[in-house]
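Engineer: Its first residue numbered 1, the sequence shown is counted upward by one per residue in full-length UniProt numbering. Using N, Cα and C, we set each Cβ at its ideal position, and we do this for glycine too. Take this structure first; my questions come after.
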Amino acid sequence: MTKKLLILLFFLGSFFMHSQNLVWRTNMTDAIAISNELRKPMLIFFTASGVPENLQNEVFKTPDFAVWSRDNVVLVKLDLSDINASESDKEQNVRLKNAFGVEELPEVCFASASIRKNKTTFSALGKLGYKSGGAKSWIAQSNSILHPSEE
1 MTKKLLILLF
11 FLGSFFMHSQ
21 NLVWRTNMTD
31 AIAISNELRK
41 PMLIFFTASG
51 VPENLQNEVF
61 KTPDFAVWSR
71 DNVVLVKLDL
81 SDINASESDK
91 EQNVRLKNAF
101 GVEELPEVCF
111 ASASIRKNKT
121 TFSALGKLGY
131 KSGGAKSWIA
141 QSNSILHPSE
151 E
């Protein structure tokens, strides 16, 4: 009996460890291609060093968010302070921040995009920053942005 319980705990533990391994894209071109291929909008997370980590700690690092994000969005992280980013990526990230009207970091923008004749067109769906209440509350607000007709 003890052996079966240990095996069960091992599998549950590995499931939860795996569920929190989120794949954050950092290249917008790749993210758009994956978003269009999967027919899921992008969750674009604008951040920088030194900003509060409440959103990451209370929402993004939870099993609820891991499951929800896998089923609903393509994750994109644009770190405006990334010293390893190329100059063109830094410029692109600042242009996107301004285009989406992001004023305070961290903030999430939901969007879809298409590329035609080497021109990218974004369709903004909504924005959401940190709000206390945990992952379930944040996910509910995100769902109201992504699926407004279901309310």
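Report all residues from its chain with a CB closer than 8 angstroms to the CB of VAL76; omit the five preceding and five following residues, and keep chain order.
Structural biologist: Same-chain partners within the cutoff: TRP24, ARG25, THR26, MET28, ALA31, MET42, LEU43, ILE44 and PHE45.
Engineer: In its own chain, which residues sit with a C-beta less than 6 angstroms from the C-beta of SER114, not counting the 5 before and 5 after it?
Structural biologist: Only THR121 meet the Cβ criterion.
Engineer: Are the Cβ atoms of LEU22 and SER88 separated by less than 8 angstroms?
Structural biologist: Cβ distance not < 8 angstroms, so LEU22 and SER88 don't count as in contact.
Engineer: Is it buried or exposed, MET17, if we count other Cβ atoms within 10 angstroms and call 16 or more buried?
Structural biologist: Low confidence applies to MET17: its pLDDT is 45, below 50, so where it sits in the model is not reliable enough to give any reading.
Engineer: Report, in whole angstroms, the separation of the C-beta atoms of GLN141 and LYS131, which I expect to be a contact under 8 angstroms.
Structural biologist: Right, the Cβ-Cβ distance comes to about 7 angstroms (below 8 angstroms), so this counts as a contact.
Engineer: Would you call the stretch 96-112 in contact with the stretch 44-63, where contact means no fewer than 3 C-beta pairs closer than 8 angstroms?
Structural biologist: Yes, the stretch 96-112 is in contact with the stretch 44-63.
Engineer: Just the C-alpha distance for SER123 and SER112, rounded to the nearest angstrom, thanks.
Structural biologist: Each residue's alpha carbon lies about 5 angstroms from the other.
Engineer: Go ahead and pull the three-state DSSP assignment for THR62.
Structural biologist: If DSSP states are grouped into helix, strand and coil, THR62 belongs with coil.
Engineer: According to the neighbour-count rule (16 or more other Cβ atoms, all chains shown, within 10 Å of its Cβ), is LEU96 buried or exposed?
Structural biologist: Buried, by the Cβ-count rule.
Engineer: So what's ALA99 in DSSP terms, helix, strand or just coil?
Structural biologist: In this structure, ALA99 counts as helix in the three-state DSSP scheme.
Engineer: Is residue 153 helix, strand or coil by DSSP?
Structural biologist: Since the first and last residues shown for the chain are 1 and 151, residue 153 lies out of range.
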